[in-house]
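For the sequence shown, counting from 1, position 571 maps to 752 in the numbering used here; every step adds exactly one. Built from N, CA and C at the ideal position, the CB exists for glycine as well. Have a look at the structure below, then the notes.
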Amino acid sequence: MKLLQSLFIATVASHAYLDHGTTSAFLLPSTIHSLSTTLSKQVLPRICLRVQQRENENPTTQTYKKKRKDITLADLKNELLKNPAALNNSNKEPFKKKRTRRRTENPQQKYVYAAQRKTKSQMEDGSDDILKADEGSVALQNANRFLAEARRMGLTNPASQHCDPLMDGKEPEIVGQIRVGEEETGSGAFAYVIYKPQGWSILGSSGVRGGGSASSGSSTSDTDTNNSSDNPTSSSKEDITKTRSRIRRVKIRDSKGKEEFLEFDEADVLALLSVEERLEIEASGGSVFDQKGPIMDDEDFRNSISSWNVIENMSAEEREDAGIEDEDYDPTDIPDFDEAAVLALLSPEELIEYNSEKKTLENENNLCENPANALERYENLSEDDLDPAVVENLKRIKARMNKKSNTSSFSSVPRPSVVAWLKEKKMQEGTPIRGGNFWTALAGASDVDDTGLVLLVPKENSKNVFVDFTEYIAVVGNGNCIDPKAKSEVPKEVINIDLISKLKRNREGDVAQAVRFSVSEHPSTCTSIISHAQSQFDDGIRGDPGGNPFDRRAPRRLIHCSSIAISSLLFDETVQSETELPDDIAVLTDRLNNHKFRRGSFLGRQALQENPFTNAYREINGAADGFPGWTVDRYSDWLLVQHDEKEYRGPLPSIHDGCTAGVYLLPSNPNRGAMGSKENIRPFLLEGKPAPETVEIMENGIKYHVNLNRDLSTGIFLDQRPHRAWLSQNCNSDTHILNCFAHCGAFTVAAATAGASTVSLDLNKKWLDRIQPQLEANGIEFDERHDCIYGDCFDWLEKLEKRGEKFDVVILDPPSSSVGKKKRRWSVKNDMDELVQLAAPLVKKGGLLWTTTNSASISPIKFANQCHKGLENAGIKSAMLERIQPMAVDFPSIGPQPVKNLVWRLN
């Protein structure tokens, strides 16, 4: 207080000279003393009191108040002199914050919260049926978002993506039967309990399995377009502004009558138009030109594009401000010249070279415009004047060009049927029965994906069977996505749910829970327990495509009917049957101290070890099997181990099973660039007998060649076994395959064993040289039906399109990243759409485009969007996502599977 008083006295003294209009006077020292005394005794205490009152008015919101502006003593003095009565007003109203903006009914700009922006972005991507934030669970919202994306890409019924039967020679098996009819023999006499493997249907399929026909889903997007009713004009303008890039090709004719084709992006033309002009174009059909591409003269072509004259009338400064360079429009930039005058200046050698190049260029142009000319060109060449290697290449090109069909060709492969198998088996036993719709699956594994026991009963006698007990084992943990269409007719009161095991440690949020569902005295199937599992755990069944078709974390929907007990209502008969868990469920449930051995094979690989047609698979898959940094692959009689030295060593399950000759070890190096170099890391023999230079393995009955000690890559990727199985079953002699980034040609060999003709394309000739020996090992002659092209895939895709070549299947399995010959960095994460755009025109009508990657830097949904974008850029509007192939059972994963396999149907 004393300090404040002294400051006031000093301030008043320094301002002793007061200006009162035109009169000036000096204050006497006695007057100054009197004024300062009054200020210190009366005014200052009131100021301090008002400050303290304001601080105590609202202490809870004090921290949120804006910091007050500091005031100087001179400003305070001026305020007091202007309005001395303000200090005496003790009933002053509290401060009210004023609005900084006026309310308007239709503001030009409004704030959009982050959640609203996210929802709007999802709606634009096709997620039109996302539930509101306060409706349903997070798992349901996730599922609706992914299903909407699948529908946008043409996959209208993701739940119909069923697994294929394993190529292991195993068939169903009758494990029990019970009398349900009055007759002693015949079709209606017995009900059967049958063990059903995966991929088998009850009645069979009328269509084909795999890829024999186009998908039944519609390519029409289900997204809703909600236009504002208040301002339709504004919505139209916004839609035109967001017009998608469309490449147009028109034929133009110059003043001399020469016709040429001109390609341009319609979006670039629309960008030059005013809003009114764009609206006019949208009202007339939404395109600057029609699809056929009219023939126009130069002047007509320029006049057909609105505002072209505006660009020509711009000044140099205006064009520069608009981002238009002079060479984009100025015709004087290309000088006119007489070709004869230029040729007269050339030497005889230069003239010969010029004519040769001109003739070659004209032939290439003729070949591009009419691919049929290619056959005539090759037929007119004399083999005596050509190199033998060139002759062989020309024969292969001619053989491919002779395939005139533009429609794809695949084999029709019916799905195996349990009823058809039962009918044939009873026929062999001498007790024939009826088949087809005479039977119904009353309980158990009734769906294609399900495994385990199924109860088959004659429809007419289904009321004579009582289901006492049914037990199901399911793995819950589908990336927090559930099937929104799952329903059940089984009441909750008859179901008992028990948790068997829970894999949670080191799984980074991807918890896998094995759950037992026991249903008492009520008919039920594997499908009927899905909704109960989802409501109990707020997560879906692992591998269920009805929840998230893009992230299939298992080769099928993991539900297994492990036990059934039934009784006959006509006879005193009961049957109770049990079965063991299949490998794909056992690998996630039957773990004791992180591992379990069974007859020399690691958990979940028993069926593979016993498969007589396959001797190459993965025995341990690192952290997903409980051993981080430790993978073990079997190649016939040898094991190849990859070990991250920062982690502990794991087991070698089959080292003493009598089928292992040696073990090779490949230490992992964080610097992947150093691995494989001559002076650094390569596989070396750890134990046992060394392998020969070429090891012959078998997969689904097909022979492949691998090398264990020469390179980092053995020559085959074991995780693509399901894809190769599809090729070996669905191709025929009329199927034509283009295998890009072919590596050692495993896809090529699989297709060729079914009779398909193949073209393998790779940048490394060392890998391509290993294809012919593998074909010959399978009894296939390396003739003109098979070709290997050494070169850059991007360049050769353009060349093959210019030749007019078409293929039934084009396979794209590029490396995660690479550097081209132009020193340009390319990656799947950022540039996959570019590769798809180049490859799509090579696919026949109704053919397939396979897109595959093992890049861990891109999510499944982003990879699918990249591929879909490439198809749109290629102008293929009828492309549909037909199948998403999950990885095999011996490649379990934590979280999304690292390998993404998408199959697109191009109708």
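Have a look at Ala804 and Leu899 and give me their C-alpha separation to the nearest angstrom.
18 Å
For Ala331, the first and last residue of its enclosing alpha helix (DSSP H)
319-333
Close-in-space but distant-in-sequence residues of the same chain around Arg746 (CB under 6 Å, 5 per side omitted):
Here residue 746 is Ala; the residue named in the question, Arg, does not match the sequence. Asp649, Phe650, Gln757, listed in sequence order.
Please determine, among Pro832, Asp838, Cys840, Pro726, the residue with the shortest C-alpha to C-alpha distance to Leu846.
Pro832
Output yes or no for whether 8 Å exceeds the beta carbon distance between Ile918 and Asp989.
yes
Is it buried or exposed for Thr253, if we count other Cβ within 10 angstroms and need 16 for buried?
exposed
For Pro864, which residues of its own chain have a beta-carbon under 7 Å away from its beta-carbon, when the five flanking residues on both sides are left out?
Leu821, Tyr845, Leu846, Leu847, Leu889, Asn890
Leaving out the 5 sequence neighbours to the left and right, which residues in its chain are closer than 6 Å to Glu1015 when beta-carbon positions are compared?
none
Taking all protein chains shown into account, do 16 or more other C-beta atoms lie within 10 angstroms of the C-beta of Asn945, making it buried, or fewer, making it exposed?
exposed
Any chance you could list the alpha helix (DSSP H) runs of at least 4 consecutive residues sitting entirely within the stretch 588-614, in chain order?
599-610
So, helix, strand or coil for Met348, using DSSP?
coil
Run through DSSP, which three-state label would Ile1042 get?
helix
Within the same chain, show all residues whose beta-carbon is closer than 6 Å to that of Tyr198, passing over the 5 residues directly before and after it, in chain order.
With a pLDDT of 41 at Tyr198, under the threshold of 50, the predicted position of this residue should be treated as unreliable, though the coordinate-derived value follows. Taken in chain order, the list of residues that qualify is empty.
Check for me: the beta strand (DSSP E) holding Phe988 runs from which residue to which?
988-993
Distance CB(Gly721)-CB(Asp664) smaller than 8 Å:
yes
Cross-strand partners of Leu942 (DSSP beta bridge)
Cys921, Ile970
For the alpha helix (DSSP H) that contains Ala1013, what are its first and last residues?
It is worth fixing the name first, because residue 1013 is Met in this sequence and not Ala. Here the alpha helix (DSSP H) through Met1013 covers 1009-1020.
Between which residues of its own chain and Tyr535 is the CB-CB distance below 8 Å, once the five residues before and five after are set aside?
Leu524, Leu527
For Leu949 versus Cys969, is the C-beta distance shorter than 8 Å?
yes
To the nearest angstrom, how far is the alpha carbon of Ala320 from that of Ala372?
40 Å
Does DSSP classify Gly362 as helix, strand or coil?
coil
With which residues is Tyr1128 paired in a DSSP beta bridge?
Only positions 182 to 1088 of the chain appear in this structure, which leaves residue 1128 out of reach.
Taking 7 Å as the limit between beta carbons, can you name the residues of its chain near Lys1010, skipping five residues before and five after?
Ser1036, Ser1038, Ile1039
To the nearest angstrom, report how far apart Tyr147 and Arg902 are at their CA atoms.
In the structure displayed, the chain extends from 182 to 1088; residue 147 sits before or after that span and is not available.
DSSP state of Lys884 mapped onto helix, strand, coil
strand
For Asn587, count neighbouring Cβ atoms within 10 angstroms of its own Cβ and tell me buried if that reaches 16, exposed if not.
exposed
If you draw a straight line from the alpha carbon of Leu684 to that of Pro809, how long is it in whole angstroms?
15 Å
Rounding to the nearest angstrom, what Cα-Cα distance links Thr706 and Glu363 in this structure?
27 Å
Assuming Asn881 and Thr795 make a contact with CB atoms under 8 Å, what is their CB distance in whole Å?
6 Å
Smallest Cα separation from Ala622: which of Val374, Trp811, Asn920, Thr895?
Val374
Three Cβ pairs or more, each shorter than 8 Å: is that satisfied between the stretch 695-703 and the stretch 1076-1083?
no
Does the distance from the C-beta atom of Ser318 to that of Asp719 stay below 8 Å?
yes
Looking at the unbroken beta strand (DSSP E) that takes in Arg799, where does it start and where does it end?
797-802
Taking just the CA atoms, how far does Lys1026 sit from Trp381?
30 Å
Beta-carbon proximity of Met905 to Ala933, cut-off 8 Å:
For the sequence presented, residue 905 should be read as Arg rather than Met. No; because the gap between Cβ atoms is not below 8 Å, this pair is not in contact.
Taking 7 Å as the cut-off, is the C-beta of Glu877 nearer than that to any heavy atom in the ligand GTP?
Absent from the structure shown: the ligand GTP. Ligands present: none.
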